[in-house]
Every structure is written in C-alpha cells, then in structure tokens.
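Worksheet: the structure to be examined is printed underneath.
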Amino acid sequence: MSRFKVQRCDDAEEASQLTAATITKMIEEAISARGEAHFACSGGNTPDRTYEILSDSLGNGDGLHLWLADERCVGPEDPQANSLLLQQTLKLPGATLHRVKGELGPDAAAADYCEQLGDTQLDVALLGLGPDGHTASLFPGHPELEMTGARAIPVVNSPKPPPERVSLSLPTLSGISDLVLLVTGSGKAHALTLTMGEPGPQAPASLLPADRMTLIADAAALGENGD
C-alpha cells in the first residue's frame, strides 16, 4: 500500500485535468487566506497540458507567484529553459514569474535564487518523475540529495543534458505546504514503483513527506497493461 494519497486516472488527459483542478483549489485557498499564493512549477513534457488547463482555471493569475522547482543553466530564450516553457504554456498575465538566471552558471544562479526566495513559504508544488526516478533536478544517489544548507542548490553533474542546473533542495521541497506528483505513461512505471515503496535515495520523491503529497497517476504509470 502506498504511503501517498494516490488518485488513479485512466489516461494522461484525465490525469492532467485532475491535477489542474487539484492545484487550482490549493491556489485559490491560499489567495483567499493571504491574498497571494506561491506555486513551484516543474518543466518537462508531462505538465504541459496541466499548464494549459490552469491558464483557463486561474483567470488572470492576480496574486500568484510562479517559482521553478528546477532550471537548466541556459539563457532565458533557450528552448531548454523551463521558464520559457512556463511563459508559453501557463499564460497568466497577472502572475509574477521568478526566474532562475541559469545563464549565470549553477553556483551564481543558485545563490541568486536563494536571495529571491528569501523566507517565502511555497504553497504548492507540481512535481514530475523521470524514468530514472528523479524529481526536480534531484537525481537518484547523487550528492545533491545531501545538500541541506540552502533553499536552491547548484547541480553540476546531471545525467540528463544539460549537466549544469539549479534545483530546489530536498528540504525546500519538503517544506512546501502541498505537493502534487503527476506521473503518466508506462515508461515511468518502474520509477513510480520505487517511489511508492520504501523511502530512499534510489527514488528522491520517496523522501518527500507523504502526508502532504498527492500522487496523481494514470493506469499506465501504475503498471496496468490495459489488456
């Protein structure tokens, strides 16, 4: 039995719709309580559809602050930049995007993002899961999992290109009020099995607090072959 609250969907579209509805509710509650909400966003292909739906459900985005769970150390116009993905898919003119300045290189960009974050309490994070089990830019067994002294950390040896990145640290992710992990596709099934199992560095998302994690997965990611 999973330690996480698991919400099963038939396919990726249903998972994206449910994820968007879940995050919309969390953001609306934060704005209602404090007049603003802080949302940590992930890159990759999986969340694209969710961001498109959120562009409609969140209206103008007033009071919403967008942060990056991780970023590649590239310029803001580079197609690999997660900030560019957000600008193209999460169209909320009233929201404030806090960009990682990846062009500075991992150390300087991480230090700058720590300054931007300050003591901001992040309300919601949308996280993904790679086939190798990574989440944000925290990779299985890598030393960044042990870096606890800063809210944003440099990553210099990512097994996925580009090798230089910035990621929110494991303690920062663990301190976010609500975590949503969206996983779709059969290629993620093994990684998801590890994540739902015993916590350990082989699956970084397994180290996040289960009581604040909502796992939304489609049938393929849950290992159902559908025959």
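Residue numbers for the sequence shown follow my numbering, so the first one is 79 and each next one is one higher.
Note that the Cβ used here is the ideal one computed from N, Cα and C, for glycine as well.
(message) Run through the DSSP bridge pairs and tell me what F117 is partnered with.
(response) Here residue 117 is taken as the residue at index 39 of the sequence shown, counted from 1. L144, V202, per the DSSP bridge assignment.
(request) For T100, count neighbouring Cβ atoms within 10 angstroms of its own Cβ and tell me buried if that reaches 16, exposed if not. (result) In the sequence shown, the residue the question calls residue 100 occupies position 22. It is buried - the Cβ of T100 has at least 16 other Cβ atoms within 10 Å.
(message) I need the straight-line Cα distance from Q85 to R243, nearest angstrom please.
(response) Taking the sequence shown and counting its residues from 1, one reaches residue 85 at position 7. Taking the sequence shown and counting its residues from 1, one reaches residue 243 at position 165. Near 31 Å, if we compare the C-alpha coordinates of R243 and Q85.
(message) Quick check: the Cα distance between G66 and V152, rounded to an integer number of angstroms?
(response) The structure shown does not extend to residue 66, since the chain is modelled only from 79 through 305, so no value can be given for it.
(message) If I follow the unbroken beta strand (DSSP E) through C87, where does it start and stop?
(response) Within the sequence shown, residue 87 is the residue found at index 9, counting from 1. Counting along the chain, the unbroken beta strand (DSSP E) around C87 starts and ends at 83-87.
(request) May I ask you to report which of helix, strand or coil DSSP gives L293? (result) In the sequence shown, residue 293 corresponds to position 215, counting from 1. Strand, per DSSP.
(message) Does the stretch 218-226 come into contact with the stretch 140-154, if we say contact requires no fewer than three beta-carbon pairs (one atom in each stretch) closer than 8 Å?
(response) Result no; under three Cβ-Cβ pairs closer than 8 Å.
(request) May I ask you to verify whether the stretch 183-202 touches the stretch 213-220, counting CB pairs closer than 8 Å and requiring at least 3? (result) No contact exists between the stretch 183-202 and the stretch 213-220.
(request) State yes or no: is the C-beta of T262 within less than 8 Å of the C-beta of A299? (result) For this step, residue 262 is matched to residue 184 along the sequence shown. For this step, residue 299 is matched to residue 221 along the sequence shown. Inclusion of T262 and A299 in the CB contact set at 8 Å is warranted, their separation being smaller than that value.
(message) Using 8 Å as the threshold, is the C-beta distance between D197 and F117 below it?
(response) Taking the sequence shown and counting its residues from 1, one reaches residue 197 at position 119. Taking the sequence shown and counting its residues from 1, one reaches residue 117 at position 39. No, the Cβ-Cβ distance between D197 and F117 is not below 8 Å.
(message) Does A230 come out as helix, strand or coil in the three-state DSSP assignment?
(response) Counting from one through the sequence shown, the residue named residue 230 turns up at place 152. Per DSSP, reduced to three states, the secondary structure at A230 is strand.
(request) Would you kindly check if the distance between the Cβ of L270 and the Cβ of T97 is under 8 Å? (result) Within the sequence shown, residue 97 is the residue found at index 19, counting from 1. Within the sequence shown, residue 270 is the residue found at index 192, counting from 1. With respect to the 8 Å criterion, T97 and L270 are not classified as neighbours on the basis of their beta carbons.
(message) Between the alpha carbons of P287 and H212, how many angstroms are there, rounded?
(response) The residue you call residue 287 lines up with position 209 of the sequence shown. The residue you call residue 212 lines up with position 134 of the sequence shown. If I take the Cα positions, the gap works out to 16 Å.
(request) State the start and end residues of the unbroken beta strand (DSSP E) segment that holds D256. (result) Here residue 256 is taken as the residue at index 178 of the sequence shown, counted from 1. It spans 256-261 - the beta strand (DSSP E) in which D256 sits, taken as one unbroken run.
(message) Let's see if you can read the secondary structure: which residues bound the beta strand (DSSP E) around R34?
(response) Residue 34 is absent from the structure shown; the chain starts at 79 and stops at 305.
(request) To the nearest angstrom, report how far apart P209 and G113 are at their CA atoms. (result) Taking the first residue of the sequence shown as position 1, residue 209 is located at position 131. Taking the first residue of the sequence shown as position 1, residue 113 is located at position 35. About 37 Å.
(request) Measure from the alpha carbon of A108 to the alpha carbon of each residue in G275, V233, S255, H268, then state which is nearest. (result) For this step, residue 108 is matched to residue 30 along the sequence shown. When each option's Cα is compared against that of A108, the closest is S255.
(request) Out of G301, G206, A228, E276, point me to the one whose CA is closest to L293's CA. (result) Locating residue 293 in the sequence shown gives position 215, where the first residue counts as 1. Of the candidates G301, G206, A228, E276, the one whose C-alpha sits nearest the C-alpha of L293 is G206.
(message) For a test of the three-state rule: what should DSSP assign to A214, helix, strand or coil?
(response) Counting from one through the sequence shown, the residue named residue 214 turns up at place 136. DSSP places A214 in coil when its eight states are reduced to three.
(request) Thinking L146 and I105 are a contact (beta carbons under 8 Å), I'd like their distance in whole angstroms, please. (result) The residue labelled residue 146 in the question sits at position 68 within the sequence shown. The residue labelled residue 105 in the question sits at position 27 within the sequence shown. Not quite, the Cβ-Cβ distance comes to about 16 Å (not below 8 Å), so this is no contact.
(request) Answer yes or no: do L175 and S161 have a C-beta to C-beta separation smaller than 8 Å? (result) In the sequence shown, the residue the question calls residue 175 occupies position 97. In the sequence shown, the residue the question calls residue 161 occupies position 83. Taking 8 Å as the cut-off, the beta carbon of L175 is found closer than this to the beta carbon of S161.
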